[in-house]
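Residue numbering for the sequence shown follows our numbering, starting at 1 and increasing by one per position. A short worksheet on the structure shown next.
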Amino acid sequence: TNANLIDSYRRWLTARATDPHAVFLVAEESRTPGALGGYLVGTIEDEIPIYWTPRCGWIHDLWVDEPLRRRGVGRRMTQIAIERFRAMGVTQIRLQTAAANDAGRRLFSSCGFRVCTIEMLMELSPTPPPTDTQ
């Protein structure tokens, strides 16, 4: 259910906020002190051994409230995350963004990210459709 997803995400965020191997940034809405204006969550992940880098930084989530968009908030949080990962010894940072998220792709490209792989997705139904046995 939606409530379960929200609760699960809340627990995940709480764990990242106290993880010394994570980057957890919050932007405050200046017009309303204490109001959330945006956040970025990143972690250091071990890579499978066939890759040249044994671990990499992952930016899992970046969100900026609509009134603060196109004001440099997302860019600044991304730049801070890059510097924090660098300080932790990370030599590569990865992220995923929706193919339709043009603004996000422009932001990340302007911060030095490049397209490296293409993720493909297939939705599975709980039970496979019947097959024709003729």
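No residue lacks a Cβ here, since even glycine has one placed at the ideal position from N, Cα and C.
Shortest alpha-carbon distance to residue 73 belongs to which of 36, 5, 118?
When each option's Cα is compared against that of residue 73, the closest is 36.
Count the other CB atoms, across all protein chains shown, that sit within 10 Å of the CB of residue 59; report buried if there are 16 or more and exposed otherwise.
Counting Cβ neighbours within 10 Å, residue 59 comes out buried, since at least 16 surround it.
State yes or no: is the C-beta of residue 85 within less than 8 Å of the C-beta of residue 112?
Result no, Cβ atoms of residue 85 and residue 112 do not sit closer than 8 Å.
Compute the Euclidean distance between the alpha carbons of residue 79 and residue 108, then round it to the nearest angstrom.
One C-alpha to the other measures close to 10 Å.
Under DSSP, the beta strand (DSSP E) around residue 48 begins and ends at which residues?
No beta strand (DSSP E) holds residue 48; DSSP gives it neither H nor E.
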